[in-house]
Amino acid sequence: MPDSTVWVLDDGGMKQVALRLQDKFPEKIGHIDLEKVMFVRLVGGKVSWAGKCFHVRPPWHLLTQATAMFGAQMPEPLDIRYIIAVNDDLVRGIFIVKEKEVMVILHELLHVRRDMEGVVPHDTEDFSWMLSQFGINWLETAPEEVIRQFSSVIEEPPEGQS
Ligand SMILES: [Zn+2]
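The sequence shown: position 95 = 95 (this note's numbering), numbered continuously.
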């Protein structure tokens, strides 16, 4: 069977969400250099995860620098150390509320190490901080007031559009 998995670069919305999450939780994720994080979406992956955080290990991180060198003229070479992915089928299909995608992005950002040199493993089946903030099984069970916390992180639609 042909593999129908498609990986696409996010249009920038995920990075904006990440920036606002850094403002909201500076002590947890404020250290992350988002210039070194690439945000992507997975479509048709037939996988059960909602989000993933990949550490781009040396020497693979040089691929982005090479692309920058040989490709478009850029002021600084790209130096991507992490790729954070959301599973489009899951977050857009099952999780109707956009806030839950934001929570997935927060979860994945917590996997980024302070030295940007690896992935922070879960300290429980999840991160205990996420569980204490939002409850066990937050992805399915987060109550309204928890979900509302993430409304401020979602980009406002441009003026004049509903
Ligand atoms: Zn995780």
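All C-beta atoms, glycine included, are put in the ideal place defined by N, C-alpha and C. Values in this document were obtained by computation on a predicted structure and should not be read as measured data.
Closest by C-alpha distance to residue i, when choosing among the options
| i | options | result |
| --- | --- | --- |
| residue 114 | 14, 32 and 18 | 32 |
| residue 111 | 56, 65, 64 and 98 | 56 |
| residue 9 | 16, 128, 41 and 125 | 41 |
| residue 44 | 26, 35, 37 and 7 | 7 |
6 Å CB neighbourhood of residue i in its chain, flanking five on each side removed
| i | result |
| --- | --- |
| residue 146 | 134 |
| residue 163 | An answer regarding residue 163 cannot be provided, because it is not within the stretch 1 to 162 covered by the chain. |
| residue 154 | 98 |
Distance, residue j Cα to residue i Cα
| i | j | result |
| --- | --- | --- |
| residue 39 | residue 107 | 14 Å |
| residue 3 | residue 144 | 37 Å |
| residue 89 | residue 54 | 19 Å |
| residue 18 | residue 60 | 24 Å |
Beta-carbon contacts of residue i that lie in its chain and below 7 Å, excluding the five residues immediately before and after
| i | result |
| --- | --- |
| residue 162 | In this prediction, residue 162 has a pLDDT of 48, which is less than 50 and means its spatial position is unreliable; what the coordinates show is noted afterwards. Cβ within range, chain order: n/a, list empty. |
Contacts around residue i, its chain only, beta-carbon distance under 8 Å, and the 5 residues preceding and following it disregarded
| i | result |
| --- | --- |
| residue 15 | 34, 37 and 39 |
Exercise for the section: Tell me, please, whether the segment 114-129 touches the segment 83-94 by the rule of three or more beta-carbon pairs shorter than 8 Å. Expected result: no
Handout entry: Sufficient close CB pairs (3 or more, under 8 Å) joining the segment 141-154 to the segment 96-106
Key = yes
Exercise for the section: With ligand 1 as the reference, list in chain order each residue whose Cβ lies under 6 Å from any of its heavy atoms. Expected result: 107, 111 and 122
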